[in-house]
Amino acid sequence: MKKEVKDTIITELGEKLKEYPHFYLVDVTGLNAEATSALRRKCFKSEIKMVVVKNKLLHKAFEASDVDYEPMYGSLIGNTAVMFAHTANIPAKLLKDYKKEGIPALKAAYAEETIFVGADKLEELAALKSKNELIADVMALLQSPAKNVVSALQSGASTIHGVLKTLGERPE
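For the sequence shown, position 92 matches number 92 in UniProt numbering, and the numbering has no gaps at all.
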């Protein structure tokens, strides 16, 4: 491969690292063409960009980046595919479906500005909540006390109404 082509690939990988806030390094050793195509289709449906890369070129893209990806350097062994995503937990959920087969296996991930190294981190990554899920949880927590106050006021109004009605019906 010519140096110009390598430089272009490194630049493109660097742009993808900036464009997507989350990515997973996956070992695709042992996947045949049919299984790879099926995985790519699932990634496309889940809005995940999957790219098979050369480890040295990805290493150079990491070095050129503003973020320190040094803990991931040890994961750049064997066949590597990078799964780029806008939501942190979607690639983990996709990989979890393949967990029984063991292929593709998680090598490392960069999600929510944190580096995760090792296949044992898959459960933790799948449990991460997306930004929209966290906002929904916060909104539900904020609405709960307000609903309780409104409910108490409504039941209090019914109670007062009942007491007044009873007092009004009482003979003097």
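Beta carbons are placed, not taken as given, at the ideal position from N, Cα and C, and that holds for glycine.
Distance between residue j and residue i (C-alpha atoms, nearest Å)
i, j, result
"E47", "A61", "23 Å"
"D143", "H86", "Correcting the residue type first, residue 143 is Gln in the shown sequence and not Asp. If you take the alpha carbons of Q143 and H86, they lie about 28 Å apart."
Minimum C-alpha distance to residue i - residue among the options
i, options, result
"L13", "S37, E113, L141 and A64", "A64"
"A105", "E112, T114, I115 and L94", "L94"
"I90", "A127, V117 and R41", "A127"
"L125", "E112, E133, K131 and I135", "E112"
"M50", "T114, K16, V138 and D7", "K16"
"I9", "A33, S37, L57 and L141", "L57"
Contact check, residue i vs residue j, beta carbons under 7 Å
i, j, result
"F23", "Y98", "no"
"V117", "V82", "no"
query = Within the chosen definition, does the stretch 74 to 86 reach the stretch 25 to 32 through at least 3 CB pairs nearer than 8 Å?
reply = The stretch 74 to 86 vs the stretch 25 to 32: in contact.
request  = Return the chain-ordered ranges of every beta strand (DSSP E) run that is complete within the stretch 61 to 110 and spans a minimum of 3 residues.
outcome  = You should have 80 to 85.
3-residue-minimum beta strand (DSSP E) runs that sit fully inside the stretch 12 to 39, ordered along the chain = You should have 22 to 27.
ask   = What runs of the alpha helix (DSSP H), each 4 residues or longer, lie entirely inside the stretch 108 to 150?
value = Listed in chain order, the complete alpha helix (DSSP H) runs (minimum 4 residues) inside the stretch 108 to 150 are 122 to 127.
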